[in-house]
Amino acid sequence: MSRRLKKSGLAARGVTLKLKTAQFRTVTRSLHLAAPTQLAETLYRGAEGLLAAAVDGTRYRLIGVGGTDLGDAAQADPPDLFDPRADKRRRVERAIDDVRAKLGRQAIAKGRGIGR
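The working numbering numbers the first residue of the sequence shown as 483 and each following residue consecutively.
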């Protein structure tokens, strides 16, 4: 999702989690972010929190995550005085994007995705 937002010149102000049960019942949960973002880590953490709150032992046949309340990328990820590491995370993600642009999407991955 982050890659598509960046490619489209958009930023998401919200994250929506869509879950579908084996009986095709749809459950959606959403989260409004403090600021518009394009960062994969911010979107992931938002979706992870929504999923953790929704887990109740039900088996799902579909888990989807989307960005909502889209706006201009120029407003994305403003400096945050209360999070001094935000700039570092932004620079790391930019470096990852550069490596993937040069060597392909599979060239670099986060450790949490290994073995899946």
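Cβ coordinates follow ideal geometry from the N, Cα and C atoms, glycine included.
In chain order, what residues of the same chain have a beta carbon less than 7 Å from the beta carbon of Thr519, not counting five sequence neighbours either side? Ala493, Ala494, Leu525, Ala558, Asp559
Exposed unless 16 or more other CB atoms sit within 10 angstroms - verdict on Gly593: exposed
Between Leu521 and Ser484, is the Cβ-Cβ spacing less than 8 Å? yes
With DSSP run on the structure shown, which of helix, strand or coil describes Ala534? helix
Give the single residue among Asp551, Ile545, Asp565, Ser490 whose Cα lies nearest to the Cα of Arg507. Comparing Cα positions, the closest option is Ile545.
How many whole angstroms separate the CB atoms of Leu501 and Tyr542, which I take to be in contact at a CB cut-off of 8 Å? 5 Å
Pull up the distance between the alpha-carbon of Gly528 and that of Asp551, whole angstroms please. The C-alpha of Gly528 lies about 14 Å from the C-alpha of Asp551.
Taking only three categories from DSSP, how would you classify Thr540? In the structure shown, Thr540 sits in coil (DSSP, three-state: anything other than H, G, I, E or B).
CA-to-CA distance, Arg573 to Arg511, given in whole angstroms: 30 Å
Taking the continuous beta strand (DSSP E) assigned at Lys502, which residues delimit it? 492-503
Rounded C-alpha distance that separates Gln505 from Arg576: 41 Å
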